[in-house]
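K.L.:
After the structure tokens below, expect a handful of questions from me.
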Amino acid sequence: MQEKKNGLTYADAGVDIDSGNDMVEKIKPLVRATRRPGADGEIGGFGGLFDLKAAGFTDPVLVAANDGVGTKLKIAIDAGKHDTIGIDLVAMCVNDLVVQGAEPLFFLDYFATGKLDPEQGVAIVKGIADGCRQAGCALIGGETAEMPGMYREGDYDLAGFAVGAAERGQLLPTDDIVEGDVLLGLASSGVHSNGYSLVRRIVSDSGIGWNDKAPFAPNLTLGEALLEPTRIYVRSVLKAIRSTHGIKALAHITGGGFPDNIPRVLPKDFSAELDLETIDVPPVFSWLAKTGGVAPEEMMRTFNCGIGMIIVVASGQAAQVAAVLQEAGETVTPIGRIVPRRETGVIYRGAIGL
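Taking the working numbering, the leading residue of the sequence shown gets -11, the next gets one more, and so forth.
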């Protein structure tokens, strides 16, 4: 009979506290680089602090959002590229805050893995810090969980939590949406972070590997092309909200695409009429549709199809709002208008160019 070992440790069970501490030290400069008014502390405490008064708010309403990255994580893992997936994590949360007129203030992440690889963890947090800087919010804390037996070797999961604020009375949508208001579409950077279970199924059926050239972007591998980070619209949209006072509503086009997301911000008496032929569809969506044999209606309910954010604006201010957004770096396209409610919340005109 084998003699039982004395002095069993946590590391023997698969959890290395020293590796976790090493990772914390390595990410401190990344976290420090996201400081902003209201958040000047270091990570390592039991909770993160934020001072709303120091951030310039007088009578704020807090807005919170949380999200993940879905199975886009599997592509990052399989392709061995971990330095941008954190941008997606931040984007999916802060884009949901700004559609309510809120300025993202701070972010917290949850990173769980079966066996902690500090270098991989640092790469992930680098992406999170990049996303926070793009959004103007502070990374004030998070959790790294090493859980042997919960994840297969090399696998990990991410979740993000963001809090923003708007002065009372300035939240969106407004209550003055009317027939004839214009819909402006902001171009996406690609697939963003929705529909990746279908993406992975199409790629699997195609027989193309993650390190092969992307058929729709030959200067990139397929993995690199499909890991293009989600666009963060925060700074440009906040600038347009504050400088024009003309934005009535915003819809972040995530899972559910056009038909599920646009009606969420419209009064029940109105529908959105989209002119599909105005949308410049990026090649990745055409490739997915053709390779997978995916019908246009399914594409528009699963993916953003090139439009990551939709803005409702009074017709007389559409040109002004578009100009501010374009100056801030967005590609803006008038894609429709508000009409009286019909059988569905979104009505299509023309055919989308897949």
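Ideal placement from N, C-alpha and C gives every residue a C-beta, glycine not left out.
With a floor of 4 residues, list each alpha helix (DSSP H) that falls wholly inside the region 246 to 301, ordered by position along the chain.
P.N.:
Runs found: 271 to 280 and 284 to 290.
K.L.:
Using 8 Å as the threshold, is the region 233 to 252 in touch with the region 156 to 169, meaning 3 or more CB pairs across them?
P.N.:
Yes, the region 233 to 252 is in contact with the region 156 to 169.
K.L.:
So L342 packs on M287, CB below 8 Å; how close in whole Å?
P.N.:
In the sequence shown, residue 342 corresponds to position 354, counting from 1. In the sequence shown, residue 287 corresponds to position 299, counting from 1. Indeed, because the Cβ distance is near 6 Å, the residues count as touching under 8 Å.
K.L.:
Could you give the first and the last residue of the continuous beta strand (DSSP E) run that contains L172?
P.N.:
The residue given as residue 172 occupies position 184 in the sequence shown. Run containing L172: V170 to A175, per the beta strand (DSSP E) assignment.
K.L.:
Since I believe I220 is in contact with V78 (beta carbons under 8 Å), could you give me their beta-carbon distance rounded to a whole number of angstroms?
P.N.:
Counted from its first residue, the sequence shown places residue 78 at position 90. Counted from its first residue, the sequence shown places residue 220 at position 232. Rounded, the Cβ-Cβ distance is 7 Å, consistent with contact.
K.L.:
Restricting to Cα atoms, I'd like to know which of A117, T72, G148 and N199 is closest to K14.
P.N.:
By one-based count along the sequence shown, residue 14 stands at place 26. For K14, the nearest C-alpha among the options comes from A117.
K.L.:
By DSSP, does K103 sit in helix, in strand, or in coil?
P.N.:
Translated into the one-based positions of the sequence shown, residue 103 becomes position 115. In this structure, K103 counts as coil in the three-state DSSP scheme.
K.L.:
Should the region 129 to 137 be called in touch with the region 1 to 17, which here means at least 3 C-beta pairs below 8 Å?
P.N.:
The answer is yes - the region 1 to 17 touches the region 129 to 137, with three or more Cβ pairs under 8 Å.
K.L.:
Please name the residue in V3, D268 and T290 whose C-alpha comes closest to that of I241.
P.N.:
Numbered from its first residue, the sequence shown carries residue 241 at position 253. Answer by Cα proximity: T290.
K.L.:
Just to confirm my understanding: we take G324, look at its own chain, exclude 5 residues before and 5 after, and list those with CB closer than 7 Å. What are they?
P.N.:
For the purposes of this step, residue 324 is identified with residue 336 of the sequence shown, where counting begins at 1. Only L171, A260, E261, L262 and D263 meet the Cβ criterion.
K.L.:
Smallest Cα separation from V166: which of P92, F99, P255 and R337?
P.N.:
The count along the sequence shown starts at 1 and reaches residue 166 at position 178. It is P255 whose Cα lies nearest to the Cα of V166.
K.L.:
If I follow the unbroken beta strand (DSSP E) through N207, where does it start and stop?
P.N.:
Position 219 of the sequence shown, counted from the start, is the residue given in the question as residue 207. A205 to T209 is the extent of the beta strand (DSSP E) around N207.
K.L.:
Pull the bridge partners of E150 from the DSSP assignment, please.
P.N.:
As a position in the sequence shown, residue 150 is number 162, starting the count at 1. According to the sequence displayed, residue 150 carries Ala and not Glu. DSSP lists A53 and F95 as partners of A150.
K.L.:
What is the DSSP secondary structure of D145, counted as helix, strand or coil?
P.N.:
In the sequence shown, the residue the question calls residue 145 occupies position 157. In this structure, D145 counts as strand in the three-state DSSP scheme.
K.L.:
On a Cα-Cα basis, can you pick out the residue from S181, G178 and F99 that is closest to A147?
P.N.:
Translated into positions along the sequence shown, residue 147 becomes position 159. A147 has its Cα closest to that of F99, out of S181, G178 and F99.
K.L.:
Can we say the region 62 to 71 touches the region 182 to 201, given the rule of at least three CB pairs closer than 8 Å?
P.N.:
Yes, since at least three Cβ pairs between the region 62 to 71 and the region 182 to 201 fall closer than 8 Å, the two stretches touch.
K.L.:
Quick check: the region 47 to 54 against the region 183 to 191, are there 3 or more CB pairs under 8 Å?
P.N.:
Counting Cβ pairs under 8 Å, fewer than three are found: no touch.
K.L.:
Three or more beta-carbon pairs under 8 Å between the region 69 to 83 and the region 98 to 113, yes or no?
P.N.:
Yes: at least three Cβ pairs fall under 8 Å.
K.L.:
Are three or more beta carbon pairs between the region 244 to 252 and the region 210 to 218 nearer than 8 Å?
P.N.:
The region 244 to 252, when compared against the region 210 to 218, does not touch it at the 8 Å Cβ threshold.
K.L.:
Suppose the cutoff is 6 Å on Cβ atoms and the five residues either side in sequence are ignored; what does the same chain contact list for V87 look like?
P.N.:
Locating residue 87 in the sequence shown gives position 99, counting from the first residue. Answer for V87: L238 and H240, listed in chain order.
K.L.:
Can you give me the start and stop residues for the beta strand (DSSP E) that T232 sits inside?
P.N.:
Walking along the sequence shown from the start, residue 232 turns up at place 244. Element bounds for T232: not the beta strand (DSSP E) but the alpha helix (DSSP H), V222 to T232.
K.L.:
Using only alpha-carbon positions, find the residue among G33, T46 and G26 that is nearest to D39.
P.N.:
The residue given as residue 39 occupies position 51 in the sequence shown. Selected option, being the one with the closest Cα: G26.
K.L.:
Between the C-alpha atoms of D164 and E91, what's the straight-line distance to the nearest angstrom?
P.N.:
Along the sequence shown, read from residue 1 onward, the residue named residue 164 stands at position 176. Along the sequence shown, read from residue 1 onward, the residue named residue 91 stands at position 103. The straight-line gap from Cα to Cα measures roughly 22 Å.
K.L.:
Is I128 near G36, with beta carbons less than 7 Å apart?
P.N.:
Mapped onto the sequence shown, residue 128 falls at position 140. Mapped onto the sequence shown, residue 36 falls at position 48. In contact: I128 and G36 (Cβ atoms closer than 7 Å).
K.L.:
When the Cα atoms are used, what is the spatial distance from A153 to G304?
P.N.:
What you label residue 153 is simply residue 165 of the sequence shown in a count that begins at 1. What you label residue 304 is simply residue 316 of the sequence shown in a count that begins at 1. Taking the straight line joining both Cα atoms gives about 28 Å.
K.L.:
Around the C-beta of P270, are 16 or more other C-beta atoms found within 10 angstroms, so that it is buried, or is it exposed?
P.N.:
As a position in the sequence shown, residue 270 is number 282, starting the count at 1. Flag for P270 reads buried.
K.L.:
Between T232 and chain B, is the shortest Cβ-Cβ distance under 7 Å, so that the two count as touching?
P.N.:
Of the protein chains in the structure, only one exists, and it is not chain B.
K.L.:
What do you reckon, are the CB atoms on G119 and L96 nearer than 7 Å?
P.N.:
Along the sequence shown, one-based indexing puts residue 119 at 131. Along the sequence shown, one-based indexing puts residue 96 at 108. No.
K.L.:
Given a cut-off of 7 Å, decide if A283 and D169 are closer than it, judged by their beta-carbon atoms.
P.N.:
The count along the sequence shown starts at 1 and reaches residue 169 at position 181. The count along the sequence shown starts at 1 and reaches residue 283 at position 295. Cβ distance not < 7 Å, so D169 and A283 don't count as in contact.
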